[in-house]
Amino acid sequence: MAAVSDNVSSPASNPEPDEPAESQEAIFPIAPMDVAMKFSTVMVLALLGVVAVGLMLVDLWLSNIETGWLIALGVVIAILSAASVGLIHLYSRPKYFAISAEGMRIVWPGRSRKLPKAAFAEMRPVTGTDLGRLTRRFGLRGVLGCFGWFTSEYMGNVDAYVTRNDGLVYLRLKNRRPLLLTPTQPKTFLDALRTVVET
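Counted the way our numbering counts, the sequence shown spans residues 1485 to 1683.
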């Protein structure tokens, strides 16, 4: 069951992006990663770790040559890998989807996006078969999920915020790219959003 927040803040306050809005909202966290997404995340990070450590070991092995830059490169790769995971968490992977009488918010730890209820044209569940192959145009794929601009083989361009291969929700928007989401309890999420949009 999605948690409902009834916290009311004063008009002068400015809630942080990861806090519930002023009005009542139904909160749907992004779904946990499935086995495939977890495996992909582990493999990508493990590969980067192996490359970083390998460069350092090669540098030590070639100590008779004036090196040092291989260790530096390995350290840079390790730092960039850790920084990438942090940035994905803050700005690419949503924390939750919030539905209120005004519409929907997508909330990341570092930002949020508001969609008024008038922006929605179609809302329905979809499967991998409906989508076909997803091609990345701009964004991230394989670490903590798939986030960004993708093209579906059968459904065209979408903004994807996906952490698993089931429980997919397709939201067609007016004059914007559709959304592909994986909220917890997708049926309850769709019922709540339809209720808001159709009133």
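Note that beta-carbon positions come from the ideal geometry of N, C-alpha and C, so glycine has one too.
As the structure is a computational prediction, the values presented were derived from the model and not from experiment.
| Every unbroken alpha helix (DSSP H) within the region 1589-1635, with a cutoff of 4 residues, ordered by chain | 1612-1615
Alpha carbon to alpha carbon, how far is Lys-1658 from Gly-1632?
As a working note, residue 1658 is residue 174 in the sequence shown. As a working note, residue 1632 is residue 148 in the sequence shown. Each residue's alpha carbon lies about 18 Å from the other.
Using only the alpha-carbon positions, how far apart do Pro-1501 and Pro-1593 sit? By one-based count along the sequence shown, residue 1501 stands at place 17. By one-based count along the sequence shown, residue 1593 stands at place 109. Any reading at Pro-1501 needs caution, since the residue's pLDDT is 45, under 50, leaving its predicted position unreliable; the model's value is listed next. When rounded, the distance between both Cα atoms is 6 Å.
query = At which residues does the alpha helix (DSSP H) containing Pro-1513 begin and terminate?
reply = Within the sequence shown, numbered from 1, the residue matching residue 1513 stands at position 29. From DSSP, Pro-1513 is part of no alpha helix (DSSP H) but of the beta strand (DSSP E) over 1509-1513.
Pick helix, strand or coil for Gly-1648, following the three-state DSSP scheme. Mapped onto the sequence shown, residue 1648 falls at position 164. A quick correction: the sequence has Arg, not Gly, at residue 1648. Three-state result, Arg-1648: coil.
I believe Lys-1598 touches Gly-1616 by the beta-carbon criterion, under 8 Å. Please report the beta-carbon distance rounded to the nearest angstrom.
By one-based count along the sequence shown, residue 1598 stands at place 114. By one-based count along the sequence shown, residue 1616 stands at place 132. Between Gly-1616 and Lys-1598 the Cβ distance is about 30 Å, and since that is not below 8 Å, they are no contact.
Note to self: Let me check one thing: in DSSP terms, what residues is Tyr-1580 bridge-paired to?
What the structure shows: On the sequence shown, residue 1580 is found 96 positions in, with the first residue counted as 1. BP columns for Tyr-1580 point to Pro-1513 and Val-1591.
For Pro-1670, report the span of its alpha helix (DSSP H) as first-last.
As a first step, residue 1670 is located in the sequence shown; it is residue number 186 there, counting from the start. Element bounds for Pro-1670: 1670-1681.
* Taking buried to mean at least 16 other C-beta atoms within 10 Å of its own C-beta, is Val-1653 buried or exposed? -> If you number the sequence shown from 1, residue 1653 lands on position 169. With 16 or more other Cβ atoms within 10 Å, it is buried.
Between the Cα of Ala-1605 and the Cα atoms of Leu-1677, Met-1527 and Phe-1673, which residue gives the shortest distance?
Locating residue 1605 in the sequence shown gives position 121, counting from the first residue. The option with the nearest alpha carbon to Ala-1605 is Leu-1677.
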